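Below is one structure; the comments refer to it alone.
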Amino acid sequence: MRMHNNTDVLSKALDASSLKGEAITNNIANVDTPGYRRKDVVFESYLQQAIDSHGKIKPDSLSRVFPKVIEVNTNLDYRIDGNNVDIDTEMGYLAQNQIKYNTLISQVNYNFNRLKMVLDR
């Protein structure tokens, strides 16, 4: 994978992680709102569709990959008010997403440091 493709993928992944963080914090903020349905972000499956069987990004396919906010409906609703947000689950998702975001930032920094090192030679 060329570096700009890697950077493009990381950029899209950062956007998705940021959007997921917003969805999770909205879920937490609406934990007591009757009828509120939790939101999630779909991204990884869209990205997987843009990758060929050899693990390379299909030409021009990355430009069509965007994270999407979806409403999560489950049959496991346990609240009578129609709200399906569980605060403990959301806090776990928030921590997991923060770790993912920090890892992506570290990878972006690594890529730019490599590029800077090459340019400084």
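According to the numbering used here, the sequence shown is numbered sequentially starting from -3. Heads up, the beta-carbon is just placed ideally off N, CA and C, and yes, glycines get one too. Nothing here was measured: the structure is a model prediction, and the numbers come from that model.
Limits of the beta strand (DSSP E) - the one that V38 falls within: K35 to V38
Compute the minimum distance between the beta carbon of F62 and the heavy atoms of the ligand NAP, and state whether it is under 7 Å. The ligand NAP is not part of this structure, which contains no ligands at all.
At the level of alpha carbons, what is the spacing between P55 and D73? Each residue's Cα considered, the two are about 42 Å apart.
If you run the structure through DSSP and keep just helix, strand and coil, what is V152? Given a span of -3 to 117 for the chain in the structure shown, any question on residue 152 remains unanswerable.
Can you tell me whether K16 is helix, strand or coil according to DSSP? helix
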